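Below is one structure, written out as structure tokens; comments come after it.
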Amino acid sequence: ALIVAIFTGILRASPYMIVRGLSGLYVEIFRGTSILVQMFWIFFVLPLPPFNITLTPFQAGVMALGLNVGAYGAEVVRGAVQSIPRGQIEASIALNMSRTLMMRRIILPQAMVRILPPFGNLLIELLKATSLASLITLADVTFQAQTLRQSVGVGRITEIFTLLLLLYFLIAYPLTLGVRWIESRRRWA
């Protein structure tokens, strides 16, 4: 999702209208439709003609989550790139920098600092969205909790889903702390 977001976000800030339009179409499709529907479409429709692309539940889940979160991340990257003051871009042009060199040395280092907080949020959203993958038979922790609930009956529902809730929190909280730590180290840029 991170690679898709950075690549598409840069394309969204492109001076070429066709590039902006195509990347914008991808972003709007994946932001404008449900991640659950996207997951079902990738898993159940791609194997049918004319596509004939069969994916495992894991591959379909990774693809759907990556494309969906990548679309949201692309807008974060686009906004960060476009927030760089115009004077810095003009100074880069005056120094005869190519667009690629300007992006690599001037724009992207500053944009990366600006995208850290929203990307931290997207990382947590991605983690939580993995629970939807259980609906395409991917045996993630939510799927395992459902299986356990069915095997032990209704007597232990509270304990099972409280443990699931705690597990997601115990995974998400260190990610949040890690993003905050990275932010504190990058404030100088």
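When the count follows my numbering, it moves up by one through the sequence shown with no breaks and lands on 180 for the last residue.
Backbone N, C-alpha and C define an ideal beta-carbon position, used for all residues, glycine too.
A quick note: this is a predicted structure, and the numbers were derived from the prediction, not measured.
Reduced DSSP category for residue i - H, G, I as helix; E, B as strand; rest coil
{"i": "Met54", "result": "helix"}
{"i": "Ser125", "result": "helix"}
{"i": "Thr47", "result": "coil"}
{"i": "Tyr17", "result": "helix"}
{"i": "Arg177", "result": "coil"}
{"i": "Leu37", "result": "coil"}
{"i": "Asn87", "result": "coil"}
{"i": "Gly111", "result": "helix"}
{"i": "Ala62", "result": "helix"}
{"i": "Ser5", "result": "coil"}
{"i": "Thr24", "result": "coil"}
{"i": "Phe(-2)", "result": "helix"}
{"i": "Ile75", "result": "coil"}
{"i": "Phe42", "result": "coil"}
{"i": "Ala102", "result": "helix"}
Presumed contact (8 angstroms Cβ cut-off) between residue i and residue j, rounded CB distance
{"i": "Ala65", "j": "Thr(-1)", "result": "4 angstroms"}
{"i": "Ala62", "j": "Val18", "result": "5 angstroms"}
{"i": "Ile26", "j": "Leu123", "result": "6 angstroms"}
{"i": "Ile106", "j": "Ala71", "result": "5 angstroms"}
{"i": "Phe152", "j": "Ala163", "result": "16 angstroms between Cβ atoms; not a contact."}
Burial state of residue i (16 or more Cβ within 10 Å)
{"i": "Phe110", "result": "buried"}
{"i": "Val145", "result": "exposed"}
{"i": "Asn59", "result": "buried"}
{"i": "Gly169", "result": "exposed"}
{"i": "Gln29", "result": "buried"}
{"i": "Ser14", "result": "buried"}
{"i": "Thr133", "result": "buried"}
**OP:** Say whether the segment 35 to 55 touches the segment 66 to 81, bearing in mind that this needs 3 or more beta-carbon pairs closer than 8 angstroms, one atom from each stretch.
**Re:** no
**OP:** Please determine if the segment 99 to 107 and the segment 153 to 164 are in contact, where contact requires at least 3 C-beta pairs separated by less than 8 angstroms.
**Re:** no
Original post:
Can at least three beta-carbon pairs, one atom from the segment 108 to 128 and one from the segment 157 to 172, be found at a separation below 8 angstroms?
Top reply: yes
**OP:** Determine contact between the segment 30 to 39 and the segment 122 to 140, defined as no fewer than three beta-carbon pairs at a distance below 8 angstroms.
**Re:** yes
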